[in-house]
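Structure first, then comments.
Number of protein chains: 2
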Amino acid sequence: MTVTLADVAARAQVSPATVSRVLNGNYPVAASTRERVLRAVDELDYVLNGPASALAAATSDLVGILVNDIADPFFGIMAGAIQSEIGGPGGRAGGERLGVVCNTGGSPERELTYLTLLQRQRAAAVVLTGGAVEDAPHQAAMAAKLRKLADAGTRIVLCGRPPSPETGAIALTFDNRGGGKELTEHLIGLGHRRLGYIAGPEERTTTRHRLEGHRAALAAHGIEEDPRWTVHGRYDRRSGYEATLELLRRDPSLTAVVAANDSVALGACAALRDSGLRIPDDVSVAGFDDLPFSIDAVPALTTVRLPLAEAGARAGRIAMGREEPPPGGIATVRGELMVRGSSGAPRG
Amino acid sequence: MTVTLADVAARAQVSPATVSRVLNGNYPVAASTRERVLRAVDELDYVLNGPASALAAATSDLVGILVNDIADPFFGIMAGAIQSEIGGPGGRAGGERLGVVCNTGGSPERELTYLTLLQRQRAAAVVLTGGAVEDAPHQAAMAAKLRKLADAGTRIVLCGRPPSPETGAIALTFDNRGGGKELTEHLIGLGHRRLGYIAGPEERTTTRHRLEGHRAALAAHGIEEDPRWTVHGRYDRRSGYEATLELLRRDPSLTAVVAANDSVALGACAALRDSGLRIPDDVSVAGFDDLPFSIDAVPALTTVRLPLAEAGARAGRIAMGREEPPPGGIATVRGELMVRGSSGAPRG
DNA sequence: ACTTGGATAGAAAGCGCTTGCTGCAACGCT
DNA sequence: AGCGTTGCAGCAAGCGCTTTCTATCCAAGT
Numbered sequence: 001m002t003v004t005l006a007d008v009a010a011r012a013q014v015s016p017a018t019v020s021r022v023l024n025g026n027y028p029v030a031a032s033t034r035e036r037v038l039r040a041v042d043e044l045d046y047v048l049n050g051p052a053s054a055l056a057a058a059t060s061d062l063v064g065i066l067v068n069d070i071a072d073p074f075f076g077i078m079a080g081a082i083q084s085e086i087g088g089p090g091g092r093a094g095g096e097r098l099g100v101v102c103n104t105g106g107s108p109e110r111e112l113t114y115l116t117l118l119q120r121q122r123a124a125a126v127v128l129t130g131g132a133v134e135d136a137p138h139q140a141a142m143a144a145k146l147r148k149l150a151d152a153g154t155r156i157v158l159c160g161r162p163p164s165p166e167t168g169a170i171a172l173t174f175d176n177r178g179g180g181k182e183l184t185e186h187l188i189g190l191g192h193r194r195l196g197y198i199a200g201p202e203e204r205t206t207t208r209h210r211l212e213g214h215r216a217a218l219a220a221h222g223i224e225e226d227p228r229w230t231v232h233g234r235y236d237r238r239s240g241y242e243a244t245l246e247l248l249r250r251d252p253s254l255t256a257v258v259a260a261n262d263s264v265a266l267g268a269c270a271a272l273r274d275s276g277l278r279i280p281d282d283v284s285v286a287g288f289d290d291l292p293f294s295i296d297a298v299p300a301l302t303t304v305r306l307p308l309a310e311a312g313a314r315a316g317r318i319a320m321g322r323e324e325p326p327p328g329g330i331a332t333v334r335g336e337l338m339v340r341g342s343s344g345a346p347r348g
Numbered sequence: 001m002t003v004t005l006a007d008v009a010a011r012a013q014v015s016p017a018t019v020s021r022v023l024n025g026n027y028p029v030a031a032s033t034r035e036r037v038l039r040a041v042d043e044l045d046y047v048l049n050g051p052a053s054a055l056a057a058a059t060s061d062l063v064g065i066l067v068n069d070i071a072d073p074f075f076g077i078m079a080g081a082i083q084s085e086i087g088g089p090g091g092r093a094g095g096e097r098l099g100v101v102c103n104t105g106g107s108p109e110r111e112l113t114y115l116t117l118l119q120r121q122r123a124a125a126v127v128l129t130g131g132a133v134e135d136a137p138h139q140a141a142m143a144a145k146l147r148k149l150a151d152a153g154t155r156i157v158l159c160g161r162p163p164s165p166e167t168g169a170i171a172l173t174f175d176n177r178g179g180g181k182e183l184t185e186h187l188i189g190l191g192h193r194r195l196g197y198i199a200g201p202e203e204r205t206t207t208r209h210r211l212e213g214h215r216a217a218l219a220a221h222g223i224e225e226d227p228r229w230t231v232h233g234r235y236d237r238r239s240g241y242e243a244t245l246e247l248l249r250r251d252p253s254l255t256a257v258v259a260a261n262d263s264v265a266l267g268a269c270a271a272l273r274d275s276g277l278r279i280p281d282d283v284s285v286a287g288f289d290d291l292p293f294s295i296d297a298v299p300a301l302t303t304v305r306l307p308l309a310e311a312g313a314r315a316g317r318i319a320m321g322r323e324e325p326p327p328g329g330i331a332t333v334r335g336e337l338m339v340r341g342s343s344g345a346p347r348g
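Protein sequences appear in the order of chains Z and G.
Under UniProt numbering, the first residue of the first sequence carries the number 1, and numbering increases by one thereafter.
Under UniProt numbering, the first residue of the second sequence carries the number 1, and numbering increases by one thereafter.
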């Protein structure tokens, strides 16, 4: 049926053990023998049986990448960067690993299930990207699962997610709080005093941190926040559109709208325009992440750039054991304020 | 060390065979026994060893999803839809499969390598999304690889990619040619006679088909095309920006720019604006795909909507054997012209 | 010339699971 | 009462690889 190691061995007139060693390159094999084996492999078009070798070697070459929403470039960019470092194809030869990205859709259950699936596959490493859900039971379950994975030898890396002290996982965290604060301070510096905030879904670390940064900026400048100025929604444009309309309804005198991310900001822009308001003359808008399309908004979006690709690449390297983890296993990745046309001084 | 089937069997006082059967649910087991086993599984926190079971059963629960660019929502949307149908988490219990998306970056070698990796893992199915590279040797290599995978029992589905007759793979193809034609006809109908075209990378089916549609429309209306009106580039905004500048340099009298996709169109819009031209008053712009952000361009982008999520979902179901393949194994998915603000009658 | 040791290659014992086949009650039939 | 069924459970033989341990060969050491 399918070609096996034994077939190759027979053809190359060596033992299966030798073929295995040639293929793994972890044991001295005479050059002439090696060549004979490789020729046989080629002639028979042999492909190693992954499951069998994983079973025997008790290690697999799978690396899992968990993302909240694969259709969102925020995750796509990170996943792409991680995967390209994982090696798989494109990486240097040798450790050819299969970087697989799994889309949780932001659902806690799916997150856990994927982790189990990866555990079942005995994944070599797992990278979790983006914010975490802040539900206590779920966090406990996650921590337990991660610990179990780690105990089984799976390397765990968090990319753009807060540290999980209990699990000892390496974490590259985005400084969402700092970025949010800086962004709002920029707006305050421009003269804004009544700022609406469109937050992401509740019970999410990213949502909370960005909002905290926003509020910290307000507090630092003695601006008392009106509870009506905050609306929660999803991380998509539609949600931004609706939330903006709601914000405008609650307080038409707002002079700025800060969005949880760029997609939401785009929706906000659309809603403002549809309401006959000009940006930034009537209302300033700010996003977060600086995804590629943000610069194409009209006017271009003021936002906080997160080095997604760089962070992803680093996370990938750490997951592969090709880069030293940061001291303490935790590193904070800062964002950079990008001031563009969507923010300006308020009227009057 | 780690818990094995045998441990569970011992604890439940049954044979390993029985545990396996309970877990797979493909053999009658007395209810009381089943319950005892499940309790033991739970108590020991047992997780099946994937490689071992794949080896023994000669089947795996991996399903590969190949995409050209994971950071591009075009692929992200399809991949998400496919993955959610693959089941994995979220799907109904039972056939819990791991849908893994692999990012080829549009590179032929990586595409092939991923296929080999999936073959090595004995993937249950593989879905290839998006356009194919039109290099003859590579196509032959791909066909051979796909055939081999198919022979090994892996189901192959092409989503948004032209059929590959040699391989007998199921194909859900986008009607890029038809969409391109319709789009350009819309522009011609508006009165445009000098249309620039920003094509995607050469040697790509998607690029060629869209361009052919564009040219067919021109030909059908007796418009002779100036070779200077076509520029090739990548499928990203940057490329669209540069190509537009080039187009303008070559022929400043163009009244419309048709882009290979929405991202490119966005770049085109930016270039036009930066050149002091208004859209659509001075120059009309059209994209392709209708990605979520297209409606947020200012003015909103005229484009062709491709039912990415629907097609992906269907491809996923077919890959899982949960839906009948289309008759003949090939289905054409049409796009829908979305006329919006970025296209209008030319000046004068 | 004889021992020693380095360099290769082979034999064989699993890795943890699945599954065809066998075993054995309890059951219903004539 | 005798016997074929039916329903469950266990035995044991692998699945295709890796890896430890052993065997062999030859160059070098004394």
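Here a beta-carbon is modelled for each residue, glycine too, at the ideal position from N, C-alpha and C.
The structure presented is a predicted model; accordingly, all values stated were derived computationally and were not measured.
Determine the contact status of Gly240(Z) and Val258(Z), defining contact as a CB-CB distance below 8 Å.
With contacts defined by Cβ atoms closer than 8 Å, Gly240(Z) and Val258(Z) do not form a contacting pair.
Answer with buried or exposed for Arg122(G), where buried requires no fewer than 16 other C-beta atoms within 10 angstroms of its C-beta.
Its Cβ being crowded by 16 or more others within 10 Å, Arg122(G) is buried.
Tell me Val133(G)'s beta-bridge partners as DSSP assigns them.
Arg204(G)
What does the alpha-carbon distance come out to for the pair Ala141(G) and Ala216(Z)?
Those two C-alpha atoms are separated by around 58 Å.
DSSP state of Gly153(G) mapped onto helix, strand, coil
In this structure, DSSP gives Gly153(G) a state outside helix and strand, which the three-state scheme calls coil.
Please check if any C-beta of chain G sits within less than 8 Å of the C-beta of Gln139(Z).
no
Could you run through the segment 101-120 of chain Z and flag, in chain order, every residue whose CB is less than 9 Å away from some CB of chain G?
Val101, Cys102, Asn103, Thr104, Gly105, Ser107, Glu109, Arg110, Glu111, Leu112, Thr113, Tyr114, Thr116, Leu117, Leu118, Gln119, Arg120
Check whether the segment 110-122 of chain Z and the segment 70-78 of chain Z touch, using three or more Cβ-Cβ pairs below 8 Å as the test.
no
Arg122(G) touches chain Z at which residues, Cβ-Cβ below 8 Å?
Asn49, Gly50, Pro51
Flag this pair as yes or no: are the beta carbons of Thr116(Z) and Leu66(Z) separated by less than 8 Å?
no
Name the chain G residues that come within less than 9 Å of Arg237(Z), Cβ to Cβ?
Within 9 Å Cβ-Cβ: Pro292, Phe293, Ile295, Asp296.
By DSSP, does Pro89(Z) sit in helix, in strand, or in coil?
Confidence at Pro89(Z) is low in this model, with a pLDDT of 42, below 50, so its placement is unreliable and no value can be given for it.
With a threshold of 7 Å (Cβ to nearest heavy atom), would Thr173(Z) be considered close to the ligand NAD?
Questions concerning the ligand NAD fall outside what the structure shown contains, since it holds no ligand whatsoever.
Separation of Ala260(Z) from Gly106(G), as counted between CA atoms
32 Å
Can you list, in chain order, the residues of its chain whose CB lies under 8 Å from that of Arg11(Z), leaving out five sequence neighbours each side?
Ala40, Glu43, Leu44
Within the segment 151-196 of chain Z, ranges of the beta strand (DSSP E) (whole runs, at least 3 residues):
155-159, 170-174
Short check: CB of Leu112(Z) to CB of Val126(Z), under 8 Å?
No, Cβ-Cβ distance for Leu112(Z) and Val126(Z) is not below 8 Å.
In the segment 259-273 of chain Z, which residues sit with their C-beta less than 8 Å from some C-beta in chain G, listed in chain order?
Of all residues in the segment 259-273 of chain Z, Ser263, Leu266, Gly267, Cys269, Ala270, Arg273 have a Cβ within less than 8 Å of some Cβ in chain G.
In angstroms, rounded to a whole number, what distance separates the CA positions of Gly91(G) and Thr59(G)?
Residue placement at Gly91(G) cannot be trusted, given a pLDDT of 34 that sits under 50; the coordinates are not used to answer.
Could you tell me which residues DSSP pairs with Arg305(Z) in its beta bridges?
Asp289(Z), Glu336(Z)
Going by DSSP in three states, Ile279(G) sits in which element: helix, strand or coil?
If DSSP states are grouped into helix, strand and coil, Ile279(G) belongs with coil.
Can you name the residues of chain G whose CB is closer than 8 Å to the CB of Thr2(Z)?
Here the neighbours are Ala152.
Are the segment 159-168 of chain G and the segment 229-236 of chain G touching by the rule of at least three beta carbon pairs closer than 8 Å?
no
For Pro73(G), return the contacting residues in chain Z, with the cut-off set at a CB-CB distance below 8 Å.
Within chain Z, the residues near Pro73(G) are Ala71, Asp72, Pro73, Gly76.
Whose CA, out of Pro292(G), Ile198(G), Glu225(G), lies closest to the CA of Leu248(G)?
Relative to Leu248(G), the option among Pro292(G), Ile198(G), Glu225(G) whose CA is nearest is Ile198(G).
Within 8 Å of any Cβ in chain G, is that where the Cβ of Ala319(Z) sits?
no
Test: Ala286(G) CB closer than 8 Å to a CB of chain Z:
no
If you measure from the beta carbon of Arg98(G) to each beta carbon in chain Z, is any gap under 8 Å?
Here the sequence assigns Leu to residue 98(G), which means Arg is not the residue at that position. Yes, contact with chain Z.
For Ser294(Z), count the other beta carbons within 10 Å of its own beta carbon; 16 or more makes it buried, fewer makes it exposed. Which is it?
So Ser294(Z) ends up on the buried side.
Should Ala93(G) go down as buried or exposed, given a rule of 16 or more other Cβ atoms within 10 Å for buried?
In this prediction, Ala93(G) has a pLDDT of 35, which is less than 50 and means its spatial position is unreliable; what the coordinates show is noted afterwards. Ala93(G) is exposed by the Cβ-count criterion.
Taking only the alpha-carbon atoms, compute the straight-line gap between Gly50(Z) and Asp7(Z) and give it to the nearest angstrom.
Gly50(Z) and Asp7(Z) have their C-alpha atoms roughly 16 Å apart.
Can at least three beta-carbon pairs, one atom from the segment 22-32 of chain G and one from the segment 332-345 of chain Z, be found at a separation below 8 Å?
The segment 22-32 of chain G, when compared against the segment 332-345 of chain Z, does not touch it at the 8 Å Cβ threshold.
By DSSP, does His209(Z) sit in helix, in strand, or in coil?
helix
For Leu306(Z) and chain G, any beta-carbon pair shorter than 8 Å?
So no, Leu306(Z) is outside the interface.
Sorted by chain position, which residues of the same chain lie with C-beta nearer than 7 Å to Pro307(G)'s C-beta, five sequence neighbours on each side aside?
Val333
What's the C-alpha gap between Pro327(G) and Ile82(G)?
21 Å
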